[in-house]
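Visitor: Residue numbers (the working numbering): 3 to 239.
Even glycine gets a Cβ: it sits at the ideal position worked out from N, Cα and C.
Small disclaimer: the values here were computed from a predicted structure and weren't measured.
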């Protein structure tokens, strides 16, 4: 009888151990294996809206007017002209409100999606954060606008790149495991426009290569061995 009790207890403990092992294996699974390339909501050819945490401007700063496609290139009106990619470039005017008593820092985080409000245009993805300082309203100035131009990677192969007729919205910070993995792989790499001389051919080649890599995630079957080699060989910061 005692022997049977021990066998029964041993069997129960074995089941518990197996259950815990399976649970740990499931929890440790790479999130990117759960999400399928080419099937991210609102990305590529998938219907819906890009998913993620809503992005909002900090207190003391407001958006003045629309976010539109940028075709002018860098100008003296820009507080910042930076980002990664050049198929989607948008500009917006930020302005401090009356509650701001000093400079206000605005961080556009890595993973921010700028969503198109115009039919047929691509959404844009910011891969590396961009920070801008918005000055306070000066007495008698009627308000100081701070123009921000963001350079973005395209998220919908087959749709149009940005132009001056296109309008955009501040979208979410993506929660897509595949897009976050892409961003993390690039975090130690030198890819920002501001990290290279103006009109640098090396930067343009890097951005073209990375755009093709990203489209393999958004519209294709995922990263290839060649894609991983391209990322590996990028210059480090």
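Determine the direct distance from the alpha carbon of residue 36 to that of residue 91, and round the result to whole angstroms.
Guide: 31 Å
Visitor: What number of angstroms, rounded off, separates the C-alpha of residue 207 from the C-alpha of residue 140?
Guide: Between residue 207 and residue 140, the C-alpha separation is close to 42 Å.
Visitor: First and last residue of the alpha helix (DSSP H) that includes residue 179?
Guide: 179-188
Visitor: Closest to residue 233 by CA distance: which of 220, 222, 216, 221 is it?
Guide: 216
Visitor: For residue 95 versus residue 66, is the C-beta distance shorter than 8 Å?
Guide: yes
Visitor: What do you get for residue 119, buried or exposed, if any count of 16 or more other CB atoms within 10 angstroms of its CB means buried?
Guide: exposed
Visitor: Find the nearest neighbour of residue 197 within the set 223, 124, 135, 87, judged by alpha-carbon distance.
Guide: 87
Visitor: Does any residue of chain B bring its CB to less than 8 Å from the CB of residue 230?
Guide: Any reference to chain B falls outside this structure, which holds one protein chain only.
Visitor: Start and end of the alpha helix (DSSP H) containing residue 72?
Guide: Residue 72 -> no alpha helix (DSSP H), and no H or E assigned at all.
Visitor: For residue 171, which of 165, 184, 126 has the nearest alpha-carbon?
Guide: 126
Visitor: Answer yes or no: do residue 212 and residue 185 have a C-beta to C-beta separation smaller than 8 Å?
Guide: no
Visitor: Count the other CB atoms, across all protein chains shown, that sit within 10 Å of the CB of residue 133; report buried if there are 16 or more and exposed otherwise.
Guide: exposed
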